[in-house]
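Q: Before we start, here is the structure in question, set down as structure tokens.
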Amino acid sequence: MGQFIKDGKHRVYQQDDGQTTAWFFNDKEIFELSHSGSTVYRRVFYVLVVLGTLYLTGVFVFNH
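Below is the structure:
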């Protein structure tokens with residue numbers, strides 16, 4: 003698990019590897035999550051969306 007660290011005026015949440023993943027700016031615990039997406043998954047997603055669109059287009063065109 004990670005840990006909370008006091009960083010200046012606010013607290014931050016760091017994972018075990020030292021990466022900061024959340025910033026707590028006040029006592030209301032409003033935080034911002036950060037992560038970076040993988041380009042491989044993005045490409046796979048777009049390919050699947052295109053294939054699904056082509057499939058549905060074929061179904062609608064050839065069944066009417």
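Position 26 of the sequence shown, counting from 1, maps to 28 under this note's numbering, and the rest follow consecutively.
Beta carbons: idealized from backbone N, C-alpha and C, even for Gly.
(1) Restricting to Cα atoms, I'd like to know which of K8, M3, F26, V63 is closest to D19.
(2) Taking the beta strand (DSSP E) that F26 belongs to, which residues open and close that run?
(3) Start and end of the beta strand (DSSP E) containing H12?
(4) Ordered along the chain, which non-local residues of its own chain (more than five positions away) have a Cβ less than 6 Å from that of F27?
(5) Pull the bridge partners of N64 from the DSSP assignment, please.
A: With the given structure in hand:
(1) M3
(2) 22-26
(3) 12-16
(4) H12
(5) What sits at residue 64 in the sequence shown is Phe, not Asn. Note: F64 sits in no beta bridge, so no partner.
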